[in-house]
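**Student:** First, the structure itself, so that you have it in front of you.
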Amino acid sequence: MNSRNYRKRRLGLAATVGYLLIVSPAYAHENHNEAPWAACEAKQQNSSCEFSDGHGDLYRGSCQVFSDSLMCVRNQPIVRADVPASKTTKSDPTPLAR
Amino acid sequence: MTRRYHTKDFLNPRLFVGATLSTLLVACGGGSSGSGNDATTAISEADNHAVDTSRFMEDAVVSIETVSCTLSDGSASSCYEITLNGFPADRSSLGPFCPETTSTGANDAGTWFEDGVLYDLTGAFVADLANFYNDDNWQLFNAQTGDVYITNTQAACEAAAQPNVPANYNNYCVQCDISYYSDEPLKGIAVTYLIPATPQPRDAPGAIDRGGVGAAFNGVKLDAAAPTDAILGAYTIAAFDECVGHINPHAGYHYHGANHGDGDCPAIDFETDGHGGAFGYALDGYAIYAMADSAGNESTDLDSCRGHSDETRGYHYHTASAGENAFIGCFTGETAR
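Chains A and B are the protein sequences, given in the same order.
Letter 55 of the first sequence, counting from 1, is numbered 55 in the UniProt record's numbering, and no numbers are missing.
Letter 262 of the second sequence, counting from 1, is numbered 262 in the UniProt record's numbering, and no numbers are missing.
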């Protein structure tokens, strides 16, 4: 490969990488792993699991398969927390949960 | 339009994508025989109640036939082939879904769930998504006008309502109109379900796949968990209405949670003994009941599929709460192939 072609290929690669990083933010952001799914990472089907919601309430259950992914499915009553909500919005100080 | 889901459908990339979009209180009366919290319940013959197709609302049903079928364990059986019209027979309209502006209040907006909690998808909620998700890339509205970016056309809805959302549809509130897929008022996309006429208990729990969870008595599909990772990864919100339902091109209007009796979402009556009411059948033929009883209490003896037995109802499931992106955890019975 001569130096001119090599430079072209490097420019093309840089342009492609730049496009993916700038134009398509989804490619740079793939870790929206919600709590019910995150609770079953590195676990097996039927393993015990638990997660908390934005209000501190506790959900306990087991890891179950949904479309090839493991998700924590609660089978015990929700354990209510007395702590203030942590996932409300700044613009609306009242909790938006229904 | 009728859509019937079989395993082979998911070898078809278009159907696979569509289904992916779609791919969510007192302990039951006396005699509960649940076997604990981590395994499925051993179901006696007396607790194994046959499917009662009369529970489906008349206006929801297109047709019901009894057919021969093969269950997931390979055994031959008899199933009901139930075609439902896909529009909730207990309602006259769908939505609202996305808020029009950052000033839109809860009465004119739908819902969204996160980590078990169902939130009002108000304009204020949309305006604060960057804070909510701790990610400054969220910008679902025009900062100058306050208008929320909404998929207002069929082309936009179909572009954004898929796992691989084009970059130009990142940061959209995604909603589709049922009129794109149905010419008649109060009609949706009809779906056919194959449900064992009498449930056949499994030796081990069966996984819920892209074929969904079951069918509501009002004619709406009970879908598997929404793929929130893909949805949020594209900075989109696949807005639900108050009944935790939304529309996609393939399943039509479908539920990802049960929210009966909240706001405008129709309630289901409690049973005479205070047990929560049933609202649908799972694909294995066991009925699904409300999460809580008339006193607001949940059952304490649910198995891993969220089922247990009592003398009145036999084996049955209880749905998870409206924000949990699930109805049940797995199938205790065999499903039809």
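Glycine residues also receive a C-beta, built at the ideal position from the N, C-alpha and C atoms.
#1: Hey, would you say B:S182 sits closer than 9 Å to B:G252, going by beta carbons?
#2: Counting contacts by CB-CB distance shorter than 9 Å, is B:A282 in contact with chain A?
#3: What is the residue span of the beta strand (DSSP E) that B:D229 lies within?
#4: In the DSSP output, which residue or residues are listed as bridge partners for B:R55?
#5: Cβ closer than 8 Å: which chain A residues qualify as neighbours of B:S304?
#6: Under DSSP, the beta strand (DSSP E) around B:V266 begins and ends at which residues?
#7: Which residue from A:C49, A:E50, A:Q45 and A:H55 puts its Cα closest to that of A:D82?
#8: Give the range of the alpha helix (DSSP H) segment to which residue 339 of chain B is assigned.
#9: Answer with buried or exposed for A:R80, where buried requires no fewer than 16 other C-beta atoms within 10 angstroms of its C-beta.
#10: Under the DSSP definition of a beta bridge, which residues are partnered with B:N248?
#11: Alpha carbon to alpha carbon, how far is A:Q45 from B:G34? Give it in angstroms, no decimals.
#12: Please go through the same chain and pick out, in chain order, the residues whose beta-carbon is closer than 6 Å to the beta-carbon of B:Q139, but skip the five residues on each side of it.
#13: Figure out for me which residue from B:S93, B:Y149 and B:D115 has the closest Cα to the Cα of A:L58.
#14: Under a Cβ-count criterion, where at least 16 other Cβ atoms within 10 Å of its own Cβ denotes burial, should B:R210 be classed as buried or exposed?
#15: Might you give, ordered along the chain, the residues of its own chain that have their beta carbon closer than 7 Å to the beta carbon of B:A215, omitting 5 neighbours on each side?
#16: I'd like the span of the alpha helix (DSSP H) that includes B:Q154, first residue to last.
#17: What does B:F337 reach in chain A if we use C-beta pairs closer than 7 Å?
#18: Here's the rule I'm using: 16 or more other beta-carbon atoms within 10 Å means buried, otherwise exposed. How should B:R306 be labelled?
#19: For the region 240-249 of chain B and the region 92-100 of chain B, state whether three or more C-beta atom pairs, one from each stretch, are separated by less than 8 Å.
#20: Could you tell me whether the Cβ of B:I208 comes closer than 9 Å to any Cβ of chain A?
#21: Could you check the C-alpha separation between A:S52 and A:N75 for me, to the nearest Å?
#22: Residues of chain A with CB closer than 7 Å to the CB of B:A160, please, in chain order.
#23: Hey, could you find the ends of the alpha helix (DSSP H) B:P196 is sitting in?
#24: Beta strand (DSSP E) containing B:A287: first to last residue?
#25: So, is B:T319 buried or exposed, given that buried needs 16 or more other C-beta atoms within 10 angstroms?
#26: Need the endpoints of the beta strand (DSSP E) that B:A127 sits in, please.
#27: Measuring CA to CA, which of B:P266, B:E298, B:A225 and B:F240 is closest to A:S67?
#28: Per the contact definition of three or more C-beta pairs closer than 8 Å, is the region 139-157 of chain B in contact with the region 40-54 of chain B?
#29: How would you list, in chain order, the residues of chain A whose beta-carbon sits under 7 Å from the beta-carbon of B:D136?
#30: Could you give the residue range of the beta strand (DSSP E) that holds A:W37?
#31: Compare the C-beta of A:E41 against all C-beta atoms of chain B and say whether one is closer than 9 Å.
#32: Whole angstroms are fine: how far does the CA of B:D73 sit from the CA of B:A322?
#33: Hey, is B:A225's beta-carbon within less than 9 Å of any beta-carbon in chain A?
#34: Can you tell me which of B:N164, B:Y286, B:D284 and B:N325 puts its alpha carbon nearest to the alpha carbon of B:F240?
**Tutor:** On the basis of the supplied data:
#1: Residue mapping note: residue 182 of chain B aligns to position 182 of the second sequence, counting from 1. Residue mapping note: residue 252 of chain B aligns to position 252 of the second sequence, counting from 1. Contact: yes.
#2: What you label residue 282 of chain B is simply residue 282 of the second sequence in a count that begins at 1. No, B:A282 lies away from the interface with chain A (no Cβ there is under 9 Å from its Cβ).
#3: Within the second sequence, numbered from 1, the residue matching residue 229 of chain B stands at position 229. That residue, B:D229, is in no beta strand (DSSP E); its alpha helix (DSSP H) goes T228 to G233.
#4: One-based indexing of the second sequence puts residue 55 of chain B at position 55. Looking at the DSSP assignment, B:R55 forms no beta bridge with any residue, so it has no partner.
#5: As a first step, residue 304 of chain B is located in the second sequence; it is residue number 304 there, counting from the start. Neighbourhood of B:S304 in chain A, by CB distance below 8 Å: N46, G61, S62, Q64, V73 and N75, in chain order.
#6: Indexing the second sequence from 1 puts residue 266 of chain B at position 266. Here residue 266 of chain B is Pro; the residue named in the question, Val, does not match the sequence. From DSSP, B:P266 is part of no beta strand (DSSP E); its letter is neither H nor E.
#7: Against the first sequence, residue 82 of chain A aligns to sequence position 82. It is A:H55 whose Cα lies nearest to the Cα of A:D82.
#8: What the structure shows of chain B is the stretch from 1 to 337, and residue 339 of chain B is not part of that stretch, so it cannot be assessed.
#9: If you number the first sequence from 1, residue 80 of chain A lands on position 80. So A:R80 counts as exposed.
#10: For the purposes of this step, residue 248 of chain B is identified with residue 248 of the second sequence, where counting begins at 1. Beta-bridge pairing links B:N248 to B:G252.
#11: On the second sequence, residue 34 of chain B is found 34 positions in, with the first residue counted as 1. On the first sequence, residue 45 of chain A is found 45 positions in, with the first residue counted as 1. Here B:G34 scores only 35 on pLDDT, less than 50, and its place in the model should not be relied on; the value that follows carries that caveat. Those two C-alpha atoms are separated by around 20 Å.
#12: Looking up residue 139 of chain B in the second sequence gives position 139. N171.
#13: Reading the first sequence from its first residue, position 58 is the one you call residue 58 of chain A. For A:L58, the nearest C-alpha among the options comes from B:D115.
#14: Against the second sequence, residue 210 of chain B aligns to sequence position 210. In this structure B:R210 is buried. Its beta-carbon is surrounded by 16 or more other beta-carbon atoms within 10 angstroms.
#15: What you label residue 215 of chain B is simply residue 215 of the second sequence in a count that begins at 1. Cβ within range, chain order: I82, L84, Y193, K221, L222, G280 and Y281.
#16: Translated into positions along the second sequence, residue 154 of chain B becomes position 154. For B:Q154, the enclosing alpha helix (DSSP H) covers residues Q154 to A160.
#17: Locating residue 337 of chain B in the second sequence gives position 337, counting from the first residue. For the sequence presented, residue 337 of chain B should be read as Arg rather than Phe. Within chain A, no C-beta atom comes nearer than 7 Å to that of B:R337; the closest sits roughly 17 Å away.
#18: Along the second sequence, read from residue 1 onward, the residue named residue 306 of chain B stands at position 306. The residue in question, B:R306, is buried, as its Cβ has 16 or more Cβ neighbours within 10 Å.
#19: Yes, the region 240-249 of chain B touches the region 92-100 of chain B.
#20: Here the question's residue 208 of chain B lines up with position 208 in the second sequence. Interface residue, yes.
#21: Here residue 52 of chain A refers to the residue found at position 52 of the first sequence. Here residue 75 of chain A refers to the residue found at position 75 of the first sequence. Answer to the nearest angstrom: the Cα atoms are 14 Å apart.
#22: The residue given as residue 160 of chain B occupies position 160 in the second sequence. Correct list: empty, because the minimum Cβ distance to chain A is about 12 Å.
#23: By one-based count along the second sequence, residue 196 of chain B stands at place 196. Looking at the DSSP string, B:P196 is not in any alpha helix (DSSP H); the run it does join, the beta strand (DSSP E), is A190 to P196.
#24: What you label residue 287 of chain B is simply residue 287 of the second sequence in a count that begins at 1. Where B:A287 is concerned, the enclosing beta strand (DSSP E) stretches over A287 to Y289.
#25: Here residue 319 of chain B is taken as the residue at index 319 of the second sequence, counted from 1. Result: buried.
#26: For the purposes of this step, residue 127 of chain B is identified with residue 127 of the second sequence, where counting begins at 1. Premise fails: B:A127 lies in the alpha helix (DSSP H), G123 to A127, not in any beta strand (DSSP E).
#27: Start at 1 with the first residue of the first sequence, and residue 67 of chain A comes out as number 67. The shortest Cα separation from A:S67 among B:P266, B:E298, B:A225 and B:F240 belongs to B:A225.
#28: no
#29: As a working mapping, residue 136 of chain B is identified with position 136 in the second sequence. Result: empty, since nearest Cβ-Cβ is about 10 Å, beyond 7 Å.
#30: Position 37 of the first sequence, counting from 1, holds the residue named residue 37 of chain A. Careful: A:W37 lies outside any beta strand (DSSP E), inside the alpha helix (DSSP H) at A35 to A38.
#31: Against the first sequence, residue 41 of chain A aligns to sequence position 41. No, A:E41 lies away from the interface with chain B (no Cβ there is under 9 Å from its Cβ).
#32: Indexing the second sequence from 1 puts residue 322 of chain B at position 322. Indexing the second sequence from 1 puts residue 73 of chain B at position 73. Here the C-alpha atom of B:A322 lies approximately 32 Å from the C-alpha atom of B:D73.
#33: Start at 1 with the first residue of the second sequence, and residue 225 of chain B comes out as number 225. So, interface residue.
#34: Taking the second sequence and counting its residues from 1, the one referred to as residue 240 of chain B is at position 240. When only C-alpha atoms are compared, the closest one is B:N325.
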